[in-house]
Amino acid sequence: LKDTKLTVYSAAWCPDCRRFKAWLDKEGVVYDYVGIDEDENAAAYLESHTGKRAIPFVLVNGKSWVRGYHKELPSRFDSKVFIDEALKASS
């Protein structure tokens, strides 16, 4: 992921977002952050591009969206799934 530009759309009040950002930080992944609770246009932008009202979402290289959560999993996040999805989106 080090050659991939990631922009994370997230919020401080979101538990999945905090978990996801903690993983990114622990792994030393560089990313830009857009707080939907801080930027009044961010939530509408995210929904208009993903069709979802869910966070965290990640914009990969400015063109493809990948979710930073996996609600179908008991842990709600799997780093391998995220890495695979992000790498696929970046190619």
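Residues 2 to 92 (my numbering) are what the sequence shown spells out, left to right. Ideal Cβ positions, reconstructed from N, Cα and C, are used throughout, including at glycine.
Backbone secondary structure at residue i - three-state DSSP
{"i": "Phe83", "result": "helix"}
{"i": "Ser65", "result": "strand"}
{"i": "Phe58", "result": "strand"}
{"i": "Asp33", "result": "strand"}
{"i": "Leu2", "result": "coil"}
{"i": "Ser11", "result": "strand"}
{"i": "Leu74", "result": "coil"}
{"i": "Asp40", "result": "coil"}
{"i": "Ser49", "result": "helix"}
{"i": "Ser91", "result": "helix"}
CB of residue i within 8 Å of CB of residue j, strictly
{"i": "Lys98", "j": "Val35", "result": "There is no way to answer for residue 98, as the model of the chain reaches only from 2 to 92."}
{"i": "Phe78", "j": "Trp66", "result": "no"}
{"i": "Trp24", "j": "Ser80", "result": "yes"}
{"i": "Thr5", "j": "Val82", "result": "no"}
{"i": "Ala55", "j": "Ile37", "result": "no"}
{"i": "Asp26", "j": "Tyr70", "result": "no"}
Assumed close pair residue i, residue j - CB separation to whole angstroms, cut-off 8 Å
{"i": "Leu2", "j": "Ile84", "result": "7 Å"}
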